[in-house]
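Step one of this worksheet: look at the structure below.
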DNA sequence: ACCTGAACACCGTTCAAGT
DNA sequence: ACCTGAACACCGTTCAAGT
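Chains as they are written, first to last, in our numbering: chain P, 45 to 270; chain S, 45 to 270.
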């Protein structure tokens, strides 16, 4: 009858649990990078023997999937169906940007591991719902969802620097302009200043606007009511 | 005077070189997956001691960057500036899709490693060039490039299944429909058939069309003449 | 300049033993 | 049911030695 606190021994180490293991992993990754993640490090962090982890997680791969899942669970997907579908679509895509900002160093794991919880279906459901509300037919709605997802993921990949690939090095290597022959890369050289200046928010919204605008202009298969 | 074949000893093992090492790595990855890649495996593949690799590559990270570079080098970027810019833009984005198909299992490495060769600048230069030809001003051209890149990368991420995340599991888990409560995911359930049917080419072109169409409708800062 | 084997510190995971 | 230490096979990389 004394409630659920049945003992007052000083700070009894909390029980080991999959959730706690995943959280420790996420913390470690954000602090030291994905390469620093190892079963042994996680165990140490939790003050526990390595093999104890295997009581809650079958292997390292499963732990990584747990990390991906945890990040995706952080998507803030509140929605107001009474809003115009364009607004709802923007909110959805922006949610990805937000979460990528919250867990920058986990992104490479999120992008390379599947999520087999229903959690992973929430964004899909949301996108399909608003395409439906916009009056698109089924097959078109599916394609719209995929286009939005592609942009959401790709924009993050670019911005978070997960992909340091391609144009990003233009920014980070601004000092080595001299070595770029203007003959081979005339436009890159000419626009070096714009390329180096950073306004990721505007860049992101620009691309998002393009997509929404194009969707807006698309012929609808059905009436647009609801 | 006997040309460049100076000896006829039976197949003298070819010299070890960075290029050969990278190629072996790419082959190994495509055959057995990125997880199977190790310095030791690569060395074995080349019939060489592990430490020999370190004469041509400073460490594993550098080898992975070499792999990314090799894949990006495979982008087929032939271009005809006399074509309308829309056509050129489509060709550019499609080149990414092509290369992702050629090296599916290397993609996760390409997406997570920087490329500091000028090779990585070719797509950027191309995108900026065609935006210029379309009559857009500098800052807008840069944003257009970024939007195209984001879509090119994101679409690949989705399709290649690098991201098994999100809607992809809808397809792979079609058998578990029953377990999905239609209450929480009504649209996903209703469109399960469309979601499971695979036509990645059309999906890809749909999103690409959206972007090009939107760009077409955008006001130009300059005349459109070349 | 390039190759090599031995060694070191670190992995993920199996197994057998404990409670 | 959960925890643990020892052991195994495998890593990346340093070092000292060879040519």
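Virtual Cβ for every residue (Gly too), placed ideally from N, Cα, C. Everything numeric in this text was worked out from a predicted model, so none of it was measured.
- Message: Run through chain S and tell me which residues come within less than 7 Å of residue 123/P, C-beta to C-beta.
- Response: Here the premise fails: no neighbours, minimum Cβ distance about 12 Å.
- Assign residue 255/S to buried or exposed, taking buried as 16 or more other Cβ atoms, counted over all protein chains shown, within 10 Å of its Cβ. Counting of Cβ neighbours within 10 angstroms places residue 255/S among the buried residues, the total reaching 16 or more.
- Could you tell me whether the Cβ atoms of residue 173/S and residue 111/S are closer together than 8 Å? The answer is no: Cβ separation not under 8 Å.
- Message: Between which residues of its own chain and residue 164/S is the CB-CB distance below 7 Å, once the five residues before and five after are set aside?
- Response: Correct list, in chain order: 116.
- Message: Strictly under 8 Å for the Cβ-Cβ distance: is residue 134/P near chain S by that measure?
- Response: Taking CB atoms only, residue 134/P has no neighbour in chain S less than 8 Å away.
- Query: Rounded to whole angstroms, how far is the Cβ of residue 64/S from the Cβ of residue 90/S, which I believe are closer than 8 Å?
  - Reply: Between the beta-carbon of residue 64/S and that of residue 90/S there is about 7 Å, and that keeps the pair under the 8 Å contact cut.
- Query: Around the C-beta of residue 158/P, are 16 or more other C-beta atoms found within 10 angstroms, so that it is buried, or is it exposed?
  - Reply: Burial call: buried.
- Task: Consider the Cβ of residue 183/S: report whether some Cβ of chain P lies at a distance smaller than 8 Å.
- Result: Closer than 8 Å to some Cβ of chain P, the Cβ of residue 183/S qualifies, so yes.
- Query: Cα separation between residue 258/P and residue 249/S?
  - Reply: Pairing residue 258/P with residue 249/S, the inter-Cα distance amounts to about 14 Å.
- Item | Contact set between residue 250/P and chain S, taken where Cβ atoms lie within less than 7 Å | What residue 250/P touches in chain S: 187 and 191.
- Message: Less than 8 Å between the beta carbons of residue 178/P and residue 129/P, yes or no?
- Response: Closer than 8 Å, so yes.
- Same chain only: Cβ atoms within 8 Å of residue 203/S, ignoring 5 sequence neighbours per side: By the criterion of a C-beta distance shorter than 8 Å, residue 203/S is surrounded in its chain by 141, 144, 244, 247 and 248, once the five residues flanking it on both sides are discounted.
- Task: Under the assumption that residue 170/S contacts residue 123/S (Cβ atoms under 8 Å), give the Cβ distance between them as a whole number of angstroms.
- Result: Confirmed, about 6 Å.
- Query: Which parts of the region 120-169 of chain S are runs of the alpha helix (DSSP H), unbroken and 4 residues or longer, counting only runs that do not cross its ends?
  - Reply: Within the region 120-169 of chain S, the complete alpha helix (DSSP H) segments at least 4 residues long are 129-146 and 151-154, listed from N- to C-terminus.
- Query: Quick one, are the C-beta atoms of residue 186/P and residue 239/S less than 8 Å apart?
  - Reply: Taking 8 Å as the cut-off, the Cβ atoms of residue 186/P and residue 239/S count as close.
- Task: Just the C-alpha distance for residue 97/P and residue 106/P, rounded to the nearest angstrom, thanks.
- Result: Distance between residue 97/P and residue 106/P, taken at the CA atoms: about 11 Å.
- Task: Note the first and the last residue of the continuous alpha helix (DSSP H) segment covering residue 271/P.
- Result: Nothing can be reported for residue 271/P: it is not among the residues displayed for chain P, which extend from 45 to 270.
- On the three-state DSSP scale, how would you describe residue 313/S? Chain S is shown from 45 up to 270; residue 313/S falls before or after that span and cannot be answered.
- Query: Which bits of chain S does residue 255/P rub up against, with CB to CB less than 9 Å?
  - Reply: 191, 195, 251, 254, 255 and 258, listed in chain order.
- Message: Please list, in chain order, the chain S residues whose beta carbon lies closer than 8 Å to that of residue 202/P.
- Response: 190, 193, 194 and 197, listed in chain order.
- Roughly how many angstroms separate the alpha carbons of residue 82/P and residue 109/P, rounded to a whole number? Just so you know, the alpha carbons of residue 82/P and residue 109/P end up roughly 14 Å apart.
- Task: Give the secondary structure of residue 98/S by DSSP, where H, G and I count as helix, E and B as strand, and everything else as coil.
- Result: The answer is coil: DSSP assigns residue 98/S none of H, G, I, E or B.
- Message: Please identify the residue among 189/S, 146/S and 191/S whose C-alpha is closest to the C-alpha of residue 114/S.
- Response: If we check each option's Cα against that of residue 114/S, 146/S comes out closest.
- Item | Within chain P, the residues that residue 169/S reaches when beta carbons sit closer than 8 Å | Residues of chain P passing the Cβ test: 228, 229, 230, 231 and 232.
- Query: Under 8 Å between the Cβ atoms of residue 198/P and residue 194/S?
  - Reply: In this structure, residue 194/S lies closer than 8 Å to residue 198/P by Cβ.
- residue 207/S in three-state terms, based on DSSP: Only weak support is given to the placement of residue 207/S: the predicted model assigns it a pLDDT of 48, under 50, and the question is left unresolved by the model.
- Query: Between residue 94/P and residue 60/P, which are expected to be in contact by the criterion C-beta below 8 Å, what is the C-beta distance as a whole number of angstroms?
  - Reply: No, residue 94/P and residue 60/P are not in contact; Cβ-Cβ is about 12 Å, not under 8 Å.
- To the nearest angstrom, report how far apart residue 251/S and residue 166/S are at their CA atoms. Rounded to whole angstroms, residue 251/S to residue 166/S spans 23 Å at the Cα level.
- Does DSSP put residue 118/S in a helix, in a strand, or in coil? Residue 118/S falls in the coil class under three-state DSSP.
- C-beta neighbour in chain P for residue 176/S, strict 8 Å: With 8 Å as the cut-off, residue 176/S counts as an interface residue toward chain P.
- Please classify residue 131/S: is it buried, with 16 or more other beta-carbons within 10 angstroms of its beta-carbon, or exposed? Residue 131/S comes out exposed.
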